[in-house]
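Heads up, the thing below is written out as structure tokens.
There are 2 protein chains.
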Amino acid sequence: MELDRLDRDIIGALVEDARATYADIGAAIGLSASAVKRRVDRLRESGAITGFSARVSPQALGWTTEAYVELFCAGKTKPSDIALAVMRFPEVVSAATITGEADALLHIRATDVRHVERVIERIAAEAFVVRTKSAIVLSRLVDATPGTAVPVERNGSANPA
Amino acid sequence: MELDRLDRDIIGALVEDARATYADIGAAIGLSASAVKRRVDRLRESGAITGFSARVSPQALGWTTEAYVELFCAGKTKPSDIALAVMRFPEVVSAATITGEADALLHIRATDVRHVERVIERIAAEAFVVRTKSAIVLSRLVDATPGTAVPVERNGSANPA
DNA sequence: CATGAAACAGAGCTACG
DNA sequence: CGTAGCTCTGTTTCATG
């Protein structure tokens, strides 16, 4: 799909404020409200915009600690096996298979260090996991994420407060 | 600040769809539209909700490749030095200082592997960087991020298409 | 083919009870 | 917190370059 400058400007405006009115966005980029709506509808159908979301503060919700965990897995573990296993933990906010020594890298959000430890313990207990190597986040320097990831009760098990 | 179940349900609804109407959210959790608006206003003032943002597909915008880069820095490099340096790269979507051998971990989004390489080269050229260790993402397994991070033209230098 | 203007319906917002 | 009222926005239709 083809995106021109106006489409990019509209996306930029909506990333900044998803509740901005079509009229305001139009005024900012030089387009009428209906034209903006048409383009937004098109951007949604094409998959460029997948939805709209609230930006929440993990700290305010009690998720004050984060960690990155490298996973070293058994011989021929399938990525889908890893996915299925880590998906069950709401604390796993992001996971990906990577190049290098480790097989996968997980990003974990938890209420405190004890909580991180418990989650890692349970993940390490998975059959295919040979060993883990974790790094606790000391301070966040950059977070370009529009809506910072926060654990969600996918199986009704996560709630700090 | 104190958050009850209704507040959490409202946040959950807004993370799923930031453009949901107050009436719809109210109907889902058993509250009137005005009551929902009052709570949302309160959640914004308290800082639990920091804003609303469009969820965009990095792929659709041309950001098809991602990598994690560990930074090993000189003796007494300050976290703020690292922050200032990596902030200048729109491709650095997230950065944090961490425990362990490495000093910091960066999450990079780029258009292709060549692009990743160029960014790492430029970061490695920073005075305080001793060496880097990077891992290209092979496949993303989990992404709980409501609005997936996408490089933004913070200094007018980033645009894949 | 996309845009802008107009018209209707529906949501946001602000009292007040 | 819910209800009622006014205002503004979302949405569709239509005509135009």
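As given, the protein sequences belong to chains A and B, one line each in that order.
In terms of UniProt numbering, the first sequence is numbered consecutively and its last residue is 161.
In terms of UniProt numbering, the second sequence is numbered consecutively and its last residue is 161.
Cβ coordinates follow ideal geometry from the N, Cα and C atoms, glycine included.
In the DSSP assignment, Ser-34(B) falls within the unbroken alpha helix (DSSP H) covering 33-46.
Taken in chain order, the complete alpha helix (DSSP H) segments of 4 residues or longer contained in the segment 71-153 of chain B are 79-87 and 113-124.
The C-beta of Asp-17(A) comes closer than 8 Å to at least one C-beta of chain B.
Under a criterion of Cβ atoms nearer than 7 Å, the residues of chain A adjacent to Gly-51(B) are, in order, Asp-17 and Arg-55. DSSP, read as helix, strand or coil, puts Gly-12(B) in helix. Around the Cβ of Ser-94(B), a 10 Å sphere holds 16 or more other Cβ atoms; the residue is buried. Tyr-22(B) has a beta carbon lying at 8 Å or more from every beta carbon in chain A. The Cβ atoms of Met-1(A) and Ala-60(B) lie closer than 8 Å to each other.
Gly-26(B): member of the alpha helix (DSSP H) spanning 22-29, first to last residue.
Taking Thr-65(A) as reference, the option from Glu-121(A), Ala-20(A), Val-137(A) and Leu-141(A) with the minimal CA-CA separation is Val-137(A). In terms of CA proximity to Leu-105(B), Val-69(A) leads the group Leu-14(A), Arg-114(A), Asp-4(A) and Val-69(A). In chain A, no part has a C-beta under 7 Å from the C-beta of Ser-32(B); the shortest such distance is about 20 Å. When rounded, the separation of the alpha-carbon atoms in Asp-103(A) and Val-119(B) is 23 Å.
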